[in-house]
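Note sheet for the following structure.
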Amino acid sequence: QPQFSLSLFQACARPLISVYSEKGEASGKNVTLPAVFKAPIRPDVVNFVHTNLRKNNRQPYAVSELAGHQTSAESWGTGRAVARIPRVRGGGTHRSGQGAFGNMCRGGRMFAPTKTWRRWHRRVNITQKRYAICSALAASALPALVMSKGHRIEEIPELPLVVEDKVESYKKTKEAVLLLKKLKAWNDIKKVYASQRMRAGKGKMRNRRRIQRRGPCIIYNEDNGIIRMTNTDIGRIMRSQEIQKALRAPKKKIHRRVLKKNPLKNLRIMIKLNPYAKTMRRNTILRHARNHKLKEEKKAKAKAKLEAKAPAEPKAEPAKATKGAAKAQA
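Residue 1 is where the sequence shown starts when you use the numbering used here, and the numbers rise one by one after that.
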């Protein structure tokens, strides 16, 4: 644990703080400085807590488990005067013979591929978090430290700057702008406007295109201004008796199991799906019958024409049985 000098990190505080009106003038009232502004300033604790709590906003990421191994490669072994790294098989392409799998190879996997089960989150003690908040608030009361962070507070009459409770009821942004201008705190807002710039890196493609500096920290007790719209509990409204009385009871629909039938094999189902299928089927049958009849008539005409052209042949007389044939038959 580093040792720090109390003279360097002890907050410098005065007992009373002036209260300013909405016109930017001192109202004549004073308030006692809260004890939190007298807390020791510990940059090491603030830095430790902030660093660890920021890690809780990270999303797990990892490379693919197959990255760099989606190829068939095997080492050539020794005796070829080349490294024993696995090499891609085959030929006819630049890729064949190139090294693979290793983290030193083009197209290979990375060394120690990242996994999603890394210890992403950090636990911080509650007392340590409270100590860091108190220390940061105490540092915000020192003009030297605040100006070292780039805040424009040269014209502000006092730090911390306390304003009357009337400003908690502001409903318009222009009223708050006018108040900051009268309190000479608008220069810090202009510094924020001027610091808007493009983010460096791939965050530009991830909806984090522009970055800017931090402006003044405004702390209030009660928010009596703009009424924020919250999400309505629709479920509770729909389950209320007033709504349920006006709604009709849902109909009970009986779902019967329907046997799936193939319309290509079942004519009745086909006609139900396509009423014109019956007419098409009848027309097909009639067309086939008509074509068959025409073919038969054509064959009959061709046969008759051949018979008309052929000469009449004499009828052959029955051969007389010879004497040997008669004996054979006997």
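We put the beta carbon where it would ideally sit given N, CA and C, even for glycine.
For clarity, every value in this text was computed on a predicted model and none was experimentally measured.
Sorted by chain position, which residues of the same chain lie with C-beta nearer than 6 Å to residue i's C-beta, five sequence neighbours on each side aside?
| i | result |
| --- | --- |
| R333 | The structure shown has nothing for residue 333, since the chain only spans 1 to 330. |
| I243 | none |
| N56 | H121 |
| P160 | A141 |
| H333 | Absent from the structure is residue 333, since the part of the chain shown begins at 1 and ends at 330. |
| M270 | P263, A277 |
| Q98 | V88 |
| K261 | I269 |
| N52 | R122, V124 |
In chain order, what residues of the same chain have a beta carbon less than 7 Å from the beta carbon of residue i, not counting five sequence neighbours either side?
| i | result |
| --- | --- |
| R208 | R199 |
| M147 | I153 |
| K23 | K182 |
| W76 | V82, R87 |
| P216 | A185, D188 |
| S21 | S27, E164 |
| K166 | E22 |
| K29 | V19 |
| R109 | A67, G68, H69, F101, N103 |
| F4 | Note that F4 scores a pLDDT of 47, beneath 50, so its modelled location is shaky; the value from the coordinates is reported in the next line. The answer is none, since no qualifying residue turns up. |
| L145 | A139 |
| K204 | M198 |
| F111 | N103 |
| K293 | none |
With a CB to CB cut of under 8 Å and the five nearest residues on each side skipped, what residues in its chain are close to residue i?
| i | result |
| --- | --- |
| S72 | V88, R89 |
| L273 | P263 |
| L8 | Here the model assigns L8 a pLDDT of 46, short of 50, so the residue's position is not dependable, and the following value carries that caveat. Hits under 8 Å: none found. |
| T232 | none |
| R14 | L33 |
| L286 | none |
| R210 | Q196, R197, M198, R199 |
| G225 | E168, S169, Y170, K171 |
| I156 | L183, K184, A185 |
| E74 | P86, R87, R89 |
| L6 | The predicted model places L6 with a pLDDT of 45, which falls under 50 and marks its position as unreliable; any figure quoted below should be read in that light. Cβ within range, chain order: P40. |
Our contact map puts residue i next to residue j with C-beta atoms below 8 Å; I'd like the distance itself, whole angstroms only.
| i | j | result |
| --- | --- | --- |
| S135 | A39 | 6 Å |
| A139 | I41 | 5 Å |
| V162 | V31 | 6 Å |
| R213 | K191 | 6 Å |
| P60 | T116 | 4 Å |
| T114 | A62 | 4 Å |
| E222 | I17 | Contact flag wrong, Cβ pair sits at about 19 Å. |
Name the DSSP bridge partner or partners of residue i?
| i | result |
| --- | --- |
| A73 | V88 |
| A26 | Y20 |
| G99 | R87 |
| V163 | Y20 |
| V31 | I17 |
Original post:
Should the segment 124 to 133 be called in touch with the segment 94 to 104, which here means at least 3 C-beta pairs below 8 Å?
Top reply: no
Original post:
Which whole runs of the beta strand (DSSP E) in the segment 254 to 281 are 3 residues long or more, in chain order?
Top reply: none
**OP:** Taking only runs that begin and end inside the segment 165 to 232, name each unbroken alpha helix (DSSP H) of 4 or more residues, in chain order.
**Re:** 173 to 182, 186 to 194
Subject >> Continuous alpha helix (DSSP H) assignments of at least 4 residues falling wholly in the segment 121 to 164 >> reply: 126 to 139, 143 to 148
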